[in-house]
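S.K.: Residue numbers (numbering that gives the first Met the number 0), protein chains in the order written: chain A, 0 to 237; chain B, 0 to 248; chain C, 0 to 332; chain D, 0 to 261.
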Amino acid sequence: MLELDHINTFRGPAHILRGVSLTVGDAEAVCLVGRNGAGKTTTIDSIMGLLPVRSGKVAFKGRDITRLPAHERARLGIGYSPEDSGIFPDLTVAENFQISQLMGASRARGASASGAETDERILAVFPEVKEFTGRRGLNLSGGQKKIVAIARAMMLSPAILLLDEPFEGLAPVVVNRFIDAVKKIKGMGISLLIAESNLNTATRVADRLYAIDRGEIIFQGDPKSALGNGEVMKTIRG
Amino acid sequence: MSLLATTQLKKYFGETHAVDGVDFTVTQGEVLALIGSNGAGKTTLVNVISGLLRPDDGTILFQGADVTHQSIHDRIKAGIARSFQLVNLFDQLTCLDNVALSIFSREGKTQRLMTLADGDRAVRDEAMELLQQFGLEAKAGMVASGLSQGERKLLDVAVAYALRPKLLFLDEPTSGVSTREKAPIMDIITAIVRSGKITAVIIEHDMDVVFKYSDRIVVMHQGTILADGTPNEIRTNDQVVMTLLGTHA
Amino acid sequence: MTSVPSFHSATSARRIVAYAVPVAVVLLVIPLVLPPYQTILLSYGLIMAIAALGFNLLLGYTGLLSFGHSAYFGVGAYAAAFLVKYLGIKSMEVFLLGGVVASAIVSALFGLICVRYTRIFFSILALALSQVLWSLALKLFWVTGGTDGLRVPTPTFLGGLVQTSGDKLSFLSNTYYYLVLVMFLLCAGVMWVIVNSPFGKALQAIRDNEIRAEFVGVQVRKYRLIAFLVSGIFTGLAGTLWVPLNGLTTPDILYWPFSGEIVFLTVLGGFRTFSGPIIGAVVFNYLKSYAVGFTVYWQLLLGVVLVVLVLSMPSGIVGTANALWSRLRRSAA
Amino acid sequence: MRIVNLAHGNLYALGAYVAGWILGLFAGPGHEPKMWLFFLLLSGAVAVAVAGAILEPTLLRPLYRRAEEYQLLVTFGLLLILEDLMHLVWGPYPLTSSALPDLLGSSTILGATYPNYNILVIVIGFVAAVGLWAFVYRTKFGVILRATSQNMRVASALGVNVKRVYVQAFTLGCFMAGLGGAVIMPISGAVLGMGVEALILAFVVVVVGGLGSLEGALVGSIIVGAVRTLGITYFAEIELAVLYLIAVVVLLARPAGLFGRA
């Protein structure tokens, strides 16, 4: 589904990602764990095309997308939910959804996913969305923003969702809700790549884990072996 | 004797009742933690008390005086200071100048046009001493935008602390820093606050941090106060555990 | 606390002296070596430098871009012209006093209105207010002389102690040049102290982060107003100095393109540095005196250079030179 | 789009000049005035739209990531350039064409005579304003436009071609400015300096009415229009000063403008 091959990414003069490689399979939930500043967001931004990749290759469904602009990647079926949710504050929730709906429609005109069906899929995951579709983004709580951000990305009928810190800043009880939601999304056959700084939370949602530190992948494997790996535990938890 | 007391404080954003009739008190000398899930209204409450937002209703008493409609400037003079969740610094000024400005302001010297800021040795020494307390003395001459996230958080607190407030609000002093950096930052901040005998209100998400560093905890939920008590009382309060920690905890 | 680093004040003060003294010496001997025309040109440059220093207190240090500084320059100039026309006064000292008072009043008045806003709203409000003065100067011709302007003769100094009669050219290129030079050095020194004072730091804090500045106890609007006032007075003083040199004041110096020139030369020199506006003013003045002779489409040229400058060299002459210099030093080390 | 454009007034002037020039070619002496000449007004709008489509990617796009000062400065440079270019191309004298108002004649309302063309201008202005509002708030493109102006990174990650949206929005803005200049040209002529004057007047309208308020803009423009008309008749010398005085009084009494939210 998604494949990163030795990518190097810079933010200004700073060399952030050093030869990062990872893969996400069909309908697989992969977590990228690491401390703040380890390079998680940079990895997500590199995949989405929000940051230029200096060298290496990003491939999606077997196609090289390394030089594609962000909007074309989105139209190919990469959904994205940023760390700060990135809700358009002056738009209503319904209008927030419309953005990706309009784009999704132009991508999949005549294809299987019509707008109505996507709506149902979102309601299946986040039924509470219905209660605040008329509200402006500005007036949403942090948790509601996270919901809208994920739901909005699903409006694109994506093949993969990139979620940047979807559980950050949520109360533990809400985190549980979100973990269920993520599992439901996976159940729909959508792949997930989740950036997460809490190793415990990560092991609860991931089929497979990558640990990243100082811009390098230092571990990959299943959640159990991650928890059993002393070095990973030490780097992530400090 | 309560240092700060709000009565029936309200702040609405359209349909969202961010702060909905809150009676919140802070007692002289304590380190209080304000917790609650995202959107519970913690930051809004602090924004209203510190004067960034006007309340829709209710009153705020500070040391017995009504400050509800005072300007930010007057509240700072009265002794209410705050730091910010998203670091809010003077990015093109050096760390030393960031802190020195607070000291100049406290001493009413910011209106001096014809003296050199660096010529004021007393202020400079105090600023250096403060930076040293916060472990930032090596960065004194660096512009604030060049600091790491953890250092920026510390400097943000230092800038507020340099005002020598009677009441200091710290809005998530460890958000955005790694788990490993959290404890050292909180150690530094609480040590300074306690040794300076400053009353502090800390907004925080991390339960471990909250239980470890605070004397009293106030829990907010959907704009109202859900519980108020010592760390032990809160830890065993079923209602709080249900709302905040969920059944899994 | 034995080791308080003195990196800031001592080194920068020493550096300033190291730069300023040789420059001042060169400026002192210029009338002796250069032809009068060149000296007068330099006088214009130094006068514009005073205006630019005032302007940059707002742009570079407070983060407010005014497109209306022609107003204060013009007020300074017209104040002197009115003193001549209505009171028959020809004393330079009175001119300077009158210019300062008049520009202080006008900038306090305009400032009260402008500092309620920031960003483009501030910029256009400042522009709009300057246009009011321009339209008044143009239309109330029985007071201001309209497009013909008002003449200002050679002024007297120190109640006539300094010889000012005789050859006007030699007066302007000698005595008057030194007056301008003294005023310039005085203004530059005062401004340097202001931007390095606690007040100056507070202004920079406002520029960097308005809300936080409020939360360390800086009364943002009041400080902006004071900055506006100081800025207006500097620019007004420049206007007063300019009038006897030019011999005539017309509504042109109140019109918006003149504000544009002040903006331009500050950006040309570099608004992120203290010396940028000074360098920019002097260089601009030479550029203008040659370009005007070479093309009538002076504004077009100005616009093109401004666009190219902002797109390719936004830190101006001084900023770019500093960057080059530090790169050179690093590669040499 | 949060593009700060000081040269907008001069683009309006450019619309007036182009329309005046084209009209002059077809409706000058020796030509029979015809109704189809009205379509020539569109030439001004189209020309300015083309200019916008060229200017946005070349001059403005490189600056979106930088502080607002730089946009102000570049567009100020553009203002200087346009002002002198119009001088260069069309000379220092005003460009006028009375062919269109002559065609329409005039009518009498409440005892006063108004040229029909002026009434047409009011209608065009009203239609354009309503159309623009509907476009921004009622169409798909409007939603995308507002989203892009609020967060272009996220918009692009949701499939929006941000660069194209910016060019389109800026071009549309220029088209409107050009159209405004073109329709006013037969009344007031195309004059040097009209650009800056329009910029400031538009600003006064916005400030008096309240930022970001459409009804405010409407009321503001009526007030400004009335004051100017009265001013030209009764106190020509200080007309501009009185206008600003009103703006200042409004601002001091209601800093957010008449209809603005505090």
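Positions of the beta carbon are idealized from the N, C-alpha and C atoms, including for glycine.
1. Any idea if G229/A is buried or exposed, counting beta-carbon neighbours within 10 angstroms, 16 or more meaning buried?
2. Relative to the C-alpha of I121/D, which candidate in G209/D, W20/D, I186/D, G19/D has its C-alpha closest?
3. Under a CB-based cut-off of 8 Å, is A127/C close to chain D?
4. How far does the beta strand (DSSP E) with G18/A in it reach, from first residue to last?
5. Closest by CA to L308/C, which one among Q70/D, L94/D, S96/D?
6. Going along the chain, which unbroken runs of the beta strand (DSSP E) with 3 or more residues stay wholly within the region 88 to 113 of chain D?
7. Assuming S155/D is part of the alpha helix (DSSP H), what are its boundary residues?
8. Please confirm if the region 217 to 236 of chain B is in contact with the region 15 to 31 of chain B, defined as three or more CB-CB distances below 8 Å between the two stretches.
9. Pick helix, strand or coil for F103/B, following the three-state DSSP scheme.
10. Between G158/D and chain A, is any beta-carbon pair separated by less than 8 Å?
11. Taking just the CA atoms, how far does V47/D sit from Y77/C?
12. Who are the near neighbours of R120/A in its chain, counting only those whose CB is closer than 8 Å to its CB and skipping five residues on each side?
13. Throw me the rounded Cβ distance for the K10/B and A17/B pair, which I believe falls under 8 Å.
14. Rounded to whole angstroms, what's the CA-CA distance from V333/C to V142/B? Just pull it up for me.
15. Sorted by chain position, which residues of the same chain lie with C-beta nearer than 6 Å to D227/B's C-beta, five sequence neighbours on each side aside?
16. Using the rule of at least 16 other Cβ atoms within 10 Å of the residue's Cβ for burial, across every protein chain shown, is E82/D buried or exposed?
17. Just the chain A side, please: which residues come within less than 9 Å of R145/D by C-beta, in chain order?
18. Is there a C-beta anywhere in chain D that falls below 8 Å from the one on R220/C?
19. Determine the DSSP secondary structure at H68/C, reduced to helix, strand or coil.
20. Please look up how many angstroms separate the CB atoms of F54/C and T265/C, rounded, as I've assumed it's under 8 Å.
21. According to DSSP, is K56/A part of a helix, a strand, or is it coil?
22. Nearest CA to the CA of L57/C: which residue from V306/C, S172/C, I205/C, L305/C?
23. Which bits of chain B does V173/A rub up against, with CB to CB less than 7 Å?
24. Under the DSSP definition of a beta bridge, which residues are partnered with C30/A?
25. Should G141/A and D89/A be called a contact, given that it needs their Cβ atoms to be closer than 8 Å?
26. On the criterion of 16 or more Cβ atoms from any shown chain inside 10 Å, does S330/C qualify as buried, or is it exposed?
27. On the three-pair Cβ rule with 8 Å, is the region 123 to 138 of chain B touching the region 53 to 63 of chain B?
28. Using a threshold of 7 Å, is the CB atom of D170/B nearer than that to any non-hydrogen atom of the ligand GDP?
29. Enumerate in chain order the residues of its own chain whose CB-to-CB distance from V217/C is below 8 Å, with the five nearest sequence positions on each side excluded.
30. Using the C-alpha atoms, what's the distance from L119/D back to T107/D?
31. Give the residues from the region 277 to 299 of chain C that approach chain D closer than 7 Å (Cβ to any Cβ), ordered along the chain.
32. Report yes or no: is there a C-beta of chain B within less than 8 Å of the C-beta of A170/A?
33. Is any beta-carbon of chain A found at less than 8 Å from that of I188/B?
34. Under DSSP, the beta strand (DSSP E) around N7/A begins and ends at which residues?
35. Do we get a CB-CB distance below 8 Å when we pair V49/D with the residues of chain C?
36. Tell me the rounded alpha-carbon separation between T6/B and G57/B.
M.R.: Reading it off the structure:
1. exposed
2. I186/D
3. yes
4. 13 to 23
5. Q70/D
6. 105 to 108
7. 151 to 156
8. yes
9. helix
10. yes
11. 40 Å
12. M153, M187
13. 5 Å
14. In the structure as shown, chain C begins at 0 and stops at 332. Residue 333/C is therefore absent and cannot be evaluated.
15. V217
16. buried
17. F87, D89, L90, E94
18. no
19. coil
20. 6 Å
21. strand
22. I205/C
23. S36
24. I193/A, L208/A
25. no
26. exposed
27. no
28. In the structure on display, the ligand GDP does not appear, and there are no ligands present to speak of.
29. A201, A204, I205
30. 14 Å
31. Y296, Q298, L299
32. yes
33. no
34. 1 to 10
35. no
36. 6 Å
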